[in-house]
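Data first, discussion second: the structure below is written as structure tokens.
Spelled out as structure tokens, the structure:
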């Protein structure tokens, strides 16, 4: 364990395989956080702490995590989990890391430690499957375990916000900005204003929208809130996909298409979900939790999913001279 808690900007090295193995229980996890096969490639390498994972969000709200950080932009490629395309950030327990002197040269990464690799592979599937689910389509990963192996946080628990500021994740100015927005939404709700999407929803008159067949590398502009509203039903969805308040700040901005998503693991059940309609993710467009009550300041930075009806194809930006 580090002599002090790690903070954003600290340089660390992922400990050797034998040292990580000593921290894992019989399920291949530490404090409910599995060490996954996709993480093996990073053993012995150096990275910078991006944020502390004091809490993380899930479909029910926020959940408390301890002694855990995120490194750079290291994300899961789903190679050992049925090709899941959610690209979640890895959770790194501090016990798996050691702070290093940036002036000292880095050693060559050691070869994969076989017992650690075997334990990591065993973490892919749960020990006990829910009844009625096919074992070939159920997965266990850090995201699925976080929904059951961590404690639920209530919005009004002040300690969670103190930890975000003290740990270096959130500046005071950002905290005040999000807090003011939340207070305004609460006051509006009490006087009968339902805070939701800042657009008029089409309801039953929602249109499907144009299909663009977008491919990775193409450039798009997110349509205006008013245009997107024409494609949303009374629940704020387009063919089942929800347009989240977290996506509103992207309206009018230009992004490069990162990829098309066909399948992701459902976190509460571990079941692989396969999308029937198009699902697009955009480079640099991630959720920061600032607009989602109960999920404020979540560090996961998941990629929102976009319908092509919410986007328009544009020419690549002209490089500045």
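In our numbering, the protein residues as written are 814 to 1134. Note that CB positions come from ideal geometry on N, CA and C, so glycine has one too.
Give every residue of the same chain whose Cβ lies closer than 6 angstroms to the Cβ of residue i, excluding the five residues on either side of it in the sequence, and list them in chain order.
{"i": "residue 855", "result": "827"}
{"i": "residue 1029", "result": "1070 and 1072"}
Using C-beta distances below 7 angstroms, list every residue in its chain close to residue i, excluding the 5 sequence neighbours before and after it, in chain order.
{"i": "residue 1011", "result": "1038 and 1061"}
{"i": "residue 1129", "result": "1032"}
{"i": "residue 851", "result": "889, 890, 892 and 893"}
{"i": "residue 1045", "result": "1014, 1015, 1019, 1051 and 1056"}
{"i": "residue 872", "result": "1080 and 1081"}
{"i": "residue 831", "result": "926"}
{"i": "residue 862", "result": "819, 820, 821, 822, 823, 825, 882 and 884"}
{"i": "residue 1110", "result": "977, 982, 983 and 1102"}
Determine the direct distance from the alpha carbon of residue j to that of residue i, and round the result to whole angstroms.
{"i": "residue 959", "j": "residue 1071", "result": "26 angstroms"}
{"i": "residue 909", "j": "residue 843", "result": "10 angstroms"}
{"i": "residue 1041", "j": "residue 901", "result": "26 angstroms"}
{"i": "residue 1126", "j": "residue 978", "result": "39 angstroms"}
{"i": "residue 1118", "j": "residue 1092", "result": "6 angstroms"}
{"i": "residue 976", "j": "residue 1021", "result": "43 angstroms"}
{"i": "residue 952", "j": "residue 1087", "result": "14 angstroms"}
{"i": "residue 894", "j": "residue 1080", "result": "12 angstroms"}
{"i": "residue 1064", "j": "residue 1055", "result": "15 angstroms"}
{"i": "residue 836", "j": "residue 911", "result": "14 angstroms"}
{"i": "residue 984", "j": "residue 990", "result": "10 angstroms"}
{"i": "residue 968", "j": "residue 1114", "result": "19 angstroms"}
{"i": "residue 1133", "j": "residue 1083", "result": "45 angstroms"}
{"i": "residue 845", "j": "residue 922", "result": "27 angstroms"}
{"i": "residue 841", "j": "residue 916", "result": "33 angstroms"}
{"i": "residue 962", "j": "residue 877", "result": "10 angstroms"}
{"i": "residue 937", "j": "residue 866", "result": "22 angstroms"}
{"i": "residue 954", "j": "residue 986", "result": "34 angstroms"}
{"i": "residue 1066", "j": "residue 974", "result": "30 angstroms"}
{"i": "residue 970", "j": "residue 887", "result": "30 angstroms"}
{"i": "residue 957", "j": "residue 834", "result": "21 angstroms"}
{"i": "residue 1034", "j": "residue 993", "result": "29 angstroms"}
{"i": "residue 1053", "j": "residue 950", "result": "22 angstroms"}
{"i": "residue 818", "j": "residue 1074", "result": "36 angstroms"}
{"i": "residue 935", "j": "residue 1131", "result": "48 angstroms"}
{"i": "residue 1078", "j": "residue 920", "result": "36 angstroms"}
{"i": "residue 972", "j": "residue 924", "result": "41 angstroms"}
{"i": "residue 928", "j": "residue 858", "result": "19 angstroms"}
Thinking C-beta only, is residue j closer than 8 angstroms to residue i?
{"i": "residue 933", "j": "residue 988", "result": "no"}
{"i": "residue 864", "j": "residue 1112", "result": "yes"}
{"i": "residue 1106", "j": "residue 995", "result": "yes"}
{"i": "residue 926", "j": "residue 829", "result": "yes"}
{"i": "residue 860", "j": "residue 880", "result": "no"}
{"i": "residue 981", "j": "residue 820", "result": "yes"}
{"i": "residue 870", "j": "residue 1108", "result": "yes"}
{"i": "residue 824", "j": "residue 882", "result": "no"}
{"i": "residue 964", "j": "residue 1121", "result": "no"}
In this structure, how does DSSP classify residue i when only helix, strand and coil are distinguished?
{"i": "residue 940", "result": "With a pLDDT of 49 at residue 940, under the threshold of 50, the modelled position of this residue cannot be trusted; read the value that follows with caution. The answer is coil: DSSP assigns residue 940 none of H, G, I, E or B."}
{"i": "residue 1034", "result": "strand"}
{"i": "residue 925", "result": "coil"}
{"i": "residue 918", "result": "coil"}
{"i": "residue 1135", "result": "Absent from the structure is residue 1135, since the part of the chain shown begins at 814 and ends at 1134."}
{"i": "residue 990", "result": "helix"}
{"i": "residue 935", "result": "helix"}
{"i": "residue 888", "result": "strand"}
{"i": "residue 995", "result": "helix"}
{"i": "residue 831", "result": "helix"}
{"i": "residue 970", "result": "coil"}
{"i": "residue 852", "result": "helix"}
{"i": "residue 1044", "result": "coil"}
{"i": "residue 842", "result": "strand"}
{"i": "residue 980", "result": "coil"}
{"i": "residue 880", "result": "coil"}
{"i": "residue 869", "result": "strand"}
{"i": "residue 824", "result": "strand"}
Compute the beta-carbon to beta-carbon distance between residue i and residue j, rounded to the nearest angstrom, for a pair I have assumed lies under 8 angstroms.
{"i": "residue 1098", "j": "residue 1116", "result": "7 angstroms"}
{"i": "residue 1124", "j": "residue 1043", "result": "Actually they do not touch by this definition, with Cβ atoms about 14 angstroms apart."}
{"i": "residue 1095", "j": "residue 1068", "result": "4 angstroms"}
{"i": "residue 822", "j": "residue 966", "result": "With a Cβ gap of about 26 angstroms, residue 822 and residue 966 do not count as contacting."}
Short of 8 angstroms in beta carbon distance, which residues of its chain neighbour residue i, apart from the five on each side in sequence? Order them along the chain.
{"i": "residue 1076", "result": "895, 896, 897, 898, 1085, 1086, 1087 and 1088"}
{"i": "residue 1059", "result": "1100, 1101, 1102, 1103, 1104, 1105 and 1117"}
{"i": "residue 918", "result": "none"}
{"i": "residue 1047", "result": "1014, 1016 and 1017"}
Should residue i be counted as a contact of the ligand HEM given a C-beta to heavy atom distance under 7 angstroms?
{"i": "residue 854", "result": "In the structure shown, the ligand HEM is absent, as is every other ligand, since no ligand is present at all."}
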